Each structure stands twice: as C-alpha cells, then as structure tokens.
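Trainee: Here it is, the structure, as structure tokens.
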Amino acid sequence: MTANEIIRKKRDGHPLTSDEMKFIINGYVEGTVPDYQVSSFFMATFFRGMNKEETAEFTRLMLHSGDIIDLSHIPGVKVDKHSTGGVGDKISLPLAPIVAACGVPVPMISGRGLGHTGGTLDKLESIPGFRTNLTIDEYKNVIAELGLVMIGQTKEIAPADKKMYALRDVTSTVECIPLIAGSIMSKKLAEGIDALVLDVKTGRGAFMQTHEQSVELAQALVGIGTSFGKETVGFITDMNQPLGNAIGNWNEVVESVECLRGRSVPDVMELTCVLGGAMVMLGKKAGSLAEGIERCKEAVKNGKAYVKFLELVKRQGGDISFLENVEKYPRSKYSETITAPASGFVTSIDSLELGFSGIMLGAGRTKVDDVIDPKAGILLKKKAGDAVKQGEPIAEIFTDNKEILAKTAQRVANAFSVGAAKPASSPLIISVVDKNGVTAFENYR
Ligand code: URA
Numbered sequence: 058m059t060a061n062e063i064i065r066k067k068r069d070g071h072p073l074t075s076d077e078m079k080f081i082i083n084g085y086v087e088g089t090v091p092d093y094q095v096s097s098f099f100m101a102t103f104f105r106g107m108n109k110e111e112t113a114e115f116t117r118l119m120l121h122s123g124d125i126i127d128l129s130h131i132p133g134v135k136v137d138k139h140s141t142g143g144v145g146d147k148i149s150l151p152l153a154p155i156v157a158a159c160g161v162p163v164p165m166i167s168g169r170g171l172g173h174t175g176g177t178l179d180k181l182e183s184i185p186g187f188r189t190n191l192t193i194d195e196y197k198n199v200i201a202e203l204g205l206v207m208i209g210q211t212k213e214i215a216p217a218d219k220k221m222y223a224l225r226d227v228t229s230t231v232e233c234i235p236l237i238a239g240s241i242m243s244k245k246l247a248e249g250i251d252a253l254v255l256d257v258k259t260g261r262g263a264f265m266q267t268h269e270q271s272v273e274l275a276q277a278l279v280g281i282g283t284s285f286g287k288e289t290v291g292f293i294t295d296m297n298q299p300l301g302n303a304i305g306n307w308n309e310v311v312e313s314v315e316c317l318r319g320r321s322v323p324d325v326m327e328l329t330c331v332l333g334g335a336m337v338m339l340g341k342k343a344g345s346l347a348e349g350i351e352r353c354k355e356a357v358k359n360g361k362a363y364v365k366f367l368e369l370v371k372r373q374g375g376d377i378s379f380l381e382n383v384e385k386y387p388r389s390k391y392s393e394t395i396t397a398p399a400s401g402f403v404t405s406i407d408s409l410e411l412g413f414s415g416i417m418l419g420a421g422r423t424k425v426d427d428v429i430d431p432k433a434g435i436l437l438k439k440k441a442g443d444a445v446k447q448g449e450p451i452a453e454i455f456t457d458n459k460e461i462l463a464k465t466a467q468r469v470a471n472a473f474s475v476g477a478a479k480p481a482s483s484p485l486i487i488s489v490v491d492k493n494g495v496t497a498f499e500n501y502r
C-alpha cells in the first residue's frame with residue numbers, strides 16, 4: 058500500500074477501506090506520510106466526499122489515534138457543546154461556566170481558529186497564564202474539583218485531529234462534511250462525555266452556507282454520536298452576521314466576561330442560554346429545554362456562573378486580575394474607526410469577510426506556525442437592523458501591523474451594507490436535529 062495509490066483511489070471517487078484510511082491517518086501521526094500527501098488526500102476527499110460507512114470509520118480511526126478518557130468516577134451526566142465554527146463565536150466561554158454552575162459537569166476539549174473562524178483555545182490563551190495544555194491527570198483533577206475544564210487536544214486526545222486540523226486550516230480543505238464530522242466527533246468522543254450539544258452554523262460565515270448542507274452535517278454528527286451511545290442534539294444556527302460585537306481573541310474574552318457579569322449582548326446570550334439550556338436538560342438538571350434556559354439565566358443573575366469562570370481561569374493558571382480589570386490588558390499599537398457611508402439601516406454584515414479581516418489584523422493564522430496577536434481584532438459598533446447616520450462609527454479595528462491597517466479598514470467597510478429600509482429580522486436559531494429527525498426550532502420546545 059502507498060499513500061499515492063490511496064490518494065488516487067479517493068481522487069477517482071472510490072470508497073476507501075479501513076486499512077487504507079488507517080495508513081494515511083496513522084502514517085501522518087507517526088510522520089511516515091508527509092504533509093503534502095495528506096493535503097492531497099484532504100483535497101481529494103473535499104471533492105469526492107466519503108460515504109456514511111467511511112465517515113464513521115474515519116471518525117473511529119481518528120478517535121483511536123489516541124486515548125478515550127474515562128470520567129465514569131465523576132458523578133452526574135457529563136455534557137459538552139461544540140460549534141462547527143463561526144465568526145465572533147465566543148459562546149463556549151460564557152456557556153461552559155453557566156452550565157457547570159447549574160450542576161452539570163462540562164469536560165470541554167476545543168480547537169484553535171480554523172479557516173476564517175475563531176477558536177476557543179486561542180481565545181482562552183489570550184488570558185495571561187491560562188494553560189490549555191493540561192495533562193490527562195490534570196484534566197481529570199480539574200473536572201473533579203470544579204465540574205468544569207477547558208483544554209485543547211493533547212498528544213493523547215485525538216492526536217490525528219490535532220495535526221490534521223492545523224493542516225486543513227491552511228490548505229482550504231475545511232468545508233467538507235466527513236472531515237468536519239471526523240474532526241469534531243473524534244475530540245468529543247475522546248473526552249469522556251455522556252451527551253453532546255452541537256451548534257451547527259449556517260450561512261455566509263459558516264463552513265456550510267445553506268440550511269440543507271448544515272442539516273446534512275448535523276445529521277452526520279448526530280448519527281456518529283448516537284452510534285457511540287451518546288445522546289447528541291444539533292442546533293442549526295445563523296452565521297450570516299458575526300455573533301456579538303467582538304471578533305478576535307482577547308476582545309471576545311472581554312465580551313464573554315461582560316455577559317457573565319450580566320450585561321446583555323442579545324444574540325450571544327440568546328444562543329448561550331438555548332445551547333446551555335439543552336445541556337442542562339441532557340444533564341438531567343432540568344425537565345425541559347425551557348426549564349434549562351431559565352436555570353442558565355438564573356446562574357448568570359445570581360453571579361454563580363461568573364464565579365465559576367474565575368475559578369476555572371485561576372485553576373488553569375490564568376491571571377484573573379485581567380478579567381476583573383480588563384483595562385490592564387495591553388492595547389494594539391494601531392486602530393482605525395470605520396464609519397457609515399450613508400444614512401439608513403445596516404442591512405447585512407458579511408461575516409466571512411470579517412473573519413478574513415480578523416486574520417489580516419493578526420487574530421488568526423495563514424500558516425500552521427503563525428503566532429496570533431491576542432489583542433488584534435474588530436469591534437462592531439452596529440449590527441444588522443441598526444439605524445445609522447452617515448459618518449457614524451460602525452466598526453473599529455485593532456492591530457500592531459501598520460502596513461495592513463488601511464487595506465483591512467477598507468475590507469471591513471465593504472463588509473457592511475447600508476440601505477434605506479430596515480431589513481426583516483431572521484431567527485438566530487433555526488432548527489434542531491436529533492435522533493428523531495429535523496424539527497423547526499419553534500416547534501422543538
Ligand atoms: N470544529 C472542529 O473541531 N473541526 C472542524 O473540522 C470544524 C470545526
């Protein structure tokens with residue numbers, strides 16, 4: 058067997074055997090199959106796809122490239138959430154402590170920024186001192202003590218995904234259902250969960266741009282989770298405009314902290330409470346989604362969720378003084394304000410363009426070994442549907458790289474559309490996929 062033959066077989070549209078996929082996956086982890094052949098395998102898969110059996114086997118092989126953590130000694134139903142990736146998607150940051158504060162243990166293993174989307178790990182690592190690279194023993198100790206832990210993949214947890222994720226990020230091979238399904242589910246099945254909530258993004262800033270594609274991805278994810286005996290629910294949610302106002306890393310931590318302190322950032326809190334409510338329900342601490350949502354709101358109101366976040370940050374080595382006094386954080390050397398070109402209403406904000414603009418500013422990677430600037434990013438002053446006056450600020454950008462400032466400001470300006478009529482509002486949470494099928498969100502409750 059050679060990598061070359063396997064790539065050709067996939068390129069020509071033939072399904073691969075388990076041994077063939079194992080050759081590529083294990084070979085990449087062990088260093089016997091080089092980057093350029095794995096990139097080519099990804100591109101062939103991108104165009105040819107995988108059938109249901111191949112996708113399940115691909116996930117199983119990725120999962121077994123490492124260990125499966127046993128958390129059975131931790132009481133309670135352990136539940137996690139994972140997003141397929143968005144722009145301004147900081148939901149895990151407020152959500153995990155909220156759900157843990159409701160008494161549901163949350164063992165969370167996240168990824169870095171991928172393509173134009175941000176990553177929870179990069180955001181957490183923008184907190185000075187925060188360690189996402191805990192050992193498995195530390196991971197088990199933290200979840201046992203706090204009912205919450207947030208880390209990245211280690212060499213033991215789905216190591217194949219850790220390496221492949223970074224390669225897909227820079228080879229334009231992210232937007233592919235079997236590769237996304239294998240990547241997400243291998244991490245999630247390794248972390249010791251009993252149940253899983255998925256946030257499957259749809260629209261301009263998502264990897265799946267249509268509702269049909271997103272449902273297909275959700276069905277693949279839910280199918281894999283269910284076949285591994287984990288109750289899995291996928292919410293299809295809108296990613297046409299960024300979530301919240303902050304896009305970047307540290308600025309998204311700040312926005313998350315504000316949410317945990319009770320400042321309402323409407324879309325962030327709506328999504329956090331629905332996904333969190335589902336987790337609380339799956340974790341058997343609420344009898345219905347509506348009750349779960351109420352419990353999440355209460356955990357913010359009574360301050361328990363914020364305290365839980367501070368405990369987590371402290372326990373994982375982070376300096377909480379930066380969270381308590383966000384002004385202490387260093388600032389970017391350069392910033393520029395983008396203003397409205399005309400009076401009227403913001404009719405749309407292109408989240409894909411803003412995702413790429415964030416990367417240009419330094420908030421994401423274009424090469425595997427790029428180092429992120431945690432301060433860099435975008436702050437939206439207006440969202441779709443807001444009224445604007447000509448010349449009024451609509452966004453501000455931050456970077457240490459003077460050379461890209463003007464170009465990125467133009468790109469951000471172009472991402473906004475302003476029109477005379479207020480656009481019709483569209484739902485943030487569209488539909489739900491579980492083992493029973495697809496349901497419109499309004500009928501799910
Ligand atoms: N999140 C992941 O962990 N992997 C993907 O491929 C996409 C989103």
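The opening residue of the sequence shown carries number 58 in our numbering; numbering runs sequentially from there. Even for Gly, the Cβ is constructed at its ideal location relative to N, Cα and C. Computed from a predicted model, the values in this text were never measured in an experiment.
Compute the distance between the beta-carbons of D491 and V161, then report whether it is under 8 Å.
Mentor: As a working note, residue 491 is residue 434 in the sequence shown. As a working note, residue 161 is residue 104 in the sequence shown. No, these two residues do not count as a Cβ contact at 8 Å.
Trainee: By DSSP's criteria, G209 is part of a beta bridge. Which residues make up the other side?
Mentor: Taking the sequence shown and counting its residues from 1, the one referred to as residue 209 is at position 152. S167, per the DSSP bridge assignment.
Trainee: If you check the beta carbons only, do Q447 and P398 fall under 8 Å apart?
Mentor: On the sequence shown, residue 447 is found 390 positions in, with the first residue counted as 1. On the sequence shown, residue 398 is found 341 positions in, with the first residue counted as 1. Yes, they are a contact pair.
Trainee: What number of angstroms, rounded off, separates the C-alpha of K464 from the C-alpha of I435?
Mentor: As a position in the sequence shown, residue 464 is number 407, starting the count at 1. As a position in the sequence shown, residue 435 is number 378, starting the count at 1. Roughly 14 Å separates the two Cα atoms.
Trainee: Specify whether the segment 377-397 and the segment 448-456 touch according to this definition: at least 3 beta carbon pairs, one from each stretch, less than 8 Å apart.
Mentor: With a cut-off of 8 Å, the segment 448-456 and the segment 377-397 count as touching, because enough Cβ pairs lie within range.
Trainee: Considering just the uninterrupted stretch of the beta strand (DSSP E) at H139, what are its terminal residues?
Mentor: Sequence index remark: in the sequence shown, residue 139 carries index 82 (1-based). Counting along the chain, the beta strand (DSSP E) containing H139 begins and ends at V136 to S140.
Trainee: Taking contact to mean 3 or more Cβ pairs, one atom from each stretch, closer than 8 Å, check whether the segment 255-262 and the segment 294-302 are in contact.
Mentor: Because the criterion of three Cβ pairs below 8 Å is met, the segment 255-262 and the segment 294-302 touch.
Trainee: Are the CB atoms of F187 and G374 nearer to each other than 8 Å?
Mentor: Your numbering for residue 187 matches position 130 in the sequence shown. Your numbering for residue 374 matches position 317 in the sequence shown. Yes.
Trainee: Using the Cα positions of Y501 and L253, report the straight-line distance between them to the nearest angstrom.
Mentor: Along the sequence shown, read from residue 1 onward, the residue named residue 501 stands at position 444. Along the sequence shown, read from residue 1 onward, the residue named residue 253 stands at position 196. Taking the straight line joining both Cα atoms gives about 17 Å.
Trainee: Where does the unbroken alpha helix (DSSP H) through L274 begin, and where does it stop?
Mentor: Numbered from its first residue, the sequence shown carries residue 274 at position 217. Taken as a continuous stretch (DSSP letters only), the alpha helix (DSSP H) holding L274 covers H268 to S284.
Trainee: Tell me V489's beta-bridge partners as DSSP assigns them.
Mentor: Indexing the sequence shown from 1 puts residue 489 at position 432. BP columns for V489 point to F292 and T496.
Trainee: What number of angstroms, rounded off, separates the C-alpha of G209 from the C-alpha of A478?
Mentor: The residue you call residue 209 lines up with position 152 of the sequence shown. The residue you call residue 478 lines up with position 421 of the sequence shown. If you take the alpha carbons of G209 and A478, they lie about 44 Å apart.
Trainee: Determine the extent of the alpha helix (DSSP H) in which L73 is found, giving its start and end residues.
Mentor: In the sequence shown, counting from the first residue as 1, residue 73 sits at position 16. From DSSP, L73 is part of no alpha helix (DSSP H); its letter is neither H nor E.
Trainee: Leaving aside the five residues before and after G340 along the sequence, list all residues of the same chain whose C-beta is less than 6 Å from its C-beta, in chain order.
Mentor: Numbered from its first residue, the sequence shown carries residue 340 at position 283. For G340, where only same-chain residues beyond five positions count, the Cβ hits under 6 Å are V134, V136 and V161.
Trainee: Is F402 helix, strand or coil when you go by DSSP?
Mentor: Looking up residue 402 in the sequence shown gives position 345. It is a strand residue.
Trainee: I think K432 touches S389, with their Cβ atoms under 8 Å apart; what is that distance to the nearest whole Å?
Mentor: Position 375 of the sequence shown, counted from the first residue, corresponds to residue 432. Position 332 of the sequence shown, counted from the first residue, corresponds to residue 389. Right, the Cβ-Cβ distance comes to about 5 Å (below 8 Å), so this counts as a contact.
Trainee: Extract the residue ranges of the alpha helix (DSSP H) inside the segment 398-478, only unbroken runs of 4 or more that lie entirely within it.
Mentor: Listed in chain order, they are 408-418 and 462-472.
Trainee: Below 8 Å CB to CB, which residues in the same chain sit around A303 once its five sequence neighbours on both sides are set aside?
Mentor: Numbered from 1 along the sequence shown, position 246 holds the residue referred to as residue 303. Only G145, K147, E309, V311, E312, G434, I435, L436 and L437 meet the Cβ criterion.
Trainee: Could you compute how far the alpha carbon of K371 sits from the alpha carbon of N190?
Mentor: Along the sequence shown, one-based indexing puts residue 371 at 314. Along the sequence shown, one-based indexing puts residue 190 at 133. Answer to the nearest angstrom: the Cα atoms are 15 Å apart.
Trainee: Grouping DSSP H, G and I as helix and E and B as strand, with all else coil, what is G239?
Mentor: Along the sequence shown, one-based indexing puts residue 239 at 182. Helix.
Trainee: Of the choices F292, D92 and V156, whose alpha-carbon is the least far from that of E348?
Mentor: By one-based count along the sequence shown, residue 348 stands at place 291. Considering only alpha carbons, the answer is V156.
Trainee: Looking only at its own chain, which residues have a Cβ that is under 6 Å from the Cβ of D376, when we skip the five neighbours before and after it?
Mentor: On the sequence shown, position 319 is the one that residue 376 refers to. Hits under 6 Å: P185 and G186.
Trainee: Report yes or no: do the segment 349-356 and the segment 323-334 share at least 3 C-beta pairs separated by less than 8 Å?
Mentor: Because the criterion of three Cβ pairs below 8 Å is met, the segment 349-356 and the segment 323-334 touch.
Trainee: Given S96, which residues of its chain have a CB within under 8 Å of its CB, disregarding the five upstream and five downstream residues?
Mentor: Within the sequence shown, numbered from 1, the residue matching residue 96 stands at position 39. Excluding residues within five positions, the ones whose Cβ falls inside 8 Å are L224, T228 and T230.
Trainee: Less than 6 Å between C-beta atoms, sequence neighbours within five positions excluded: which residues of the same chain meet that for I429?
Mentor: Taking the sequence shown and counting its residues from 1, the one referred to as residue 429 is at position 372. Hits under 6 Å: D179.
Trainee: With a threshold of 7 Å, establish whether the CB of S284 neighbours any heavy atom of the ligand URA.
Mentor: Numbered from 1 along the sequence shown, position 227 holds the residue referred to as residue 284. Outside the cutoff, so no.
Trainee: Roughly how many angstroms separate the alpha carbons of G476 and T404, rounded to a whole number?
Mentor: Here residue 476 is taken as the residue at index 419 of the sequence shown, counted from 1. Here residue 404 is taken as the residue at index 347 of the sequence shown, counted from 1. Approximately 6 Å, taken between the alpha carbons.
Trainee: Across which residues does DSSP place T259 in a beta bridge pair?
Mentor: Here the question's residue 259 lines up with position 202 in the sequence shown. D295, per the DSSP bridge assignment.
Trainee: Taking only the alpha-carbon atoms, compute the straight-line gap between E72 and A215 and give it to the nearest angstrom.
Mentor: In the sequence shown, the residue the question calls residue 72 occupies position 15. In the sequence shown, the residue the question calls residue 215 occupies position 158. What sits at residue 72 in the sequence shown is Pro, not Glu. C-alpha separation (whole angstroms): 23 Å.
Trainee: Am I right that A420 and G319 are in contact with their C-beta atoms under 8 Å? What's the rounded C-beta distance?
Mentor: Within the sequence shown, the letter at position 363 stands for residue 420. Within the sequence shown, the letter at position 262 stands for residue 319. Between G319 and A420 the Cβ distance is about 26 Å, and since that is not below 8 Å, they are no contact.
Trainee: So what does A303 bridge to, in DSSP terms?
Mentor: Position 246 of the sequence shown, counted from the first residue, corresponds to residue 303. In the DSSP output, where bridge partners are listed per residue, A303 has L436.
Trainee: Would you mind listing the alpha helix (DSSP H) stretches within the segment 84-142 that are 4+ residues and don't spill past its ends, in chain order?
Mentor: Qualifying alpha helix (DSSP H) stretches, in chain order: 92-105 and 109-120.
Trainee: Mapping DSSP to helix, strand and coil, what is S345?
Mentor: Translated into the one-based positions of the sequence shown, residue 345 becomes position 288. S345 falls in the coil class under three-state DSSP.
Trainee: Measuring only the C-alpha atoms, how far is M534 from F285?
Mentor: Outside the displayed span of the chain (58 to 502) sits residue 534, for which this structure offers no information.
Trainee: Is I237 near the ligand URA, going by C-beta to nearest heavy atom under 7 Å?
Mentor: As a working mapping, residue 237 is identified with position 180 in the sequence shown. For the ligand URA, at least one heavy atom lies less than 7 Å from the Cβ of I237.
Trainee: Give me the Cα-Cα distance between F98 and E87, rounded to the nearest whole angstrom.
Mentor: Reading the sequence shown from its first residue, position 41 is the one you call residue 98. Reading the sequence shown from its first residue, position 30 is the one you call residue 87. The alpha-carbon atoms of F98 and E87 are separated by roughly 16 Å.
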